[in-house]
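K.L.:
Mind looking over this structure? Questions follow.
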Amino acid sequence: MAEKIYISPYYLSHLFKEELGITFLEYLTRIRMEEAKKLLMDRSLTILDISLRIGYDDPGYFSKVFKKKIGVSPSQYRKQTSMS
683 MAEKIYISPY YLSHLFKEEL GITFLEYLTR IRMEEAKKLL MDRSLTILDI SLRIGYDDPG
743 YFSKVFKKKI GVSPSQYRKQ TSMS
């Protein structure tokens, strides 16, 4: 992305954090986790399907990030939301 607007990736990251208070990677992860939560409502989608749709090639890594950010695994989140 930085190359398209002719600035260094470091400077773009600096500007992003300065303006939003979080890094670009943190922002992207938040967006991905919010989308994952929506997709987990669709029980026809597997964890693999969801991880691929939101940009993770490794469903194990997706699950690890999801649990770290949301507090429960994707499977647990799916169960909890289907009960409420």
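Everything in the sequence shown is counted per this note's numbering, starting at 683 for the first residue and increasing by one. Every residue gets a Cβ at the ideal spot worked out from N, C-alpha and C, and that includes glycine.
Which of the three DSSP states is assigned to residue 727 in this structure?
P.N.:
Start at 1 with the first residue of the sequence shown, and residue 727 comes out as number 45. In this structure, residue 727 counts as coil in the three-state DSSP scheme.
K.L.:
Please state the DSSP three-state secondary structure of residue 745.
P.N.:
Against the sequence shown, residue 745 aligns to sequence position 63. The answer is helix: DSSP assigns residue 745 an H, G or I state.
K.L.:
Within a Cβ cutoff of 7 Å, which residues of the same chain sit near residue 737, ignoring the five residues on either side of it in sequence?
P.N.:
As a first step, residue 737 is located in the sequence shown; it is residue number 55 there, counting from the start. Once the five neighbours on either side are set aside, the close Cβ partners of residue 737 are 714.
K.L.:
Compute the distance between the beta-carbons of residue 729 and residue 764, then report whether it is under 8 Å.
P.N.:
By one-based count along the sequence shown, residue 729 stands at place 47. By one-based count along the sequence shown, residue 764 stands at place 82. Taking 8 Å as the Cβ cut-off, residue 729 and residue 764 do not qualify as a contacting pair.
K.L.:
Is the CB-CB distance between residue 734 and residue 760 below 8 Å?
P.N.:
As a position in the sequence shown, residue 734 is number 52, starting the count at 1. As a position in the sequence shown, residue 760 is number 78, starting the count at 1. Taking 8 Å as the Cβ cut-off, residue 734 and residue 760 do not qualify as a contacting pair.
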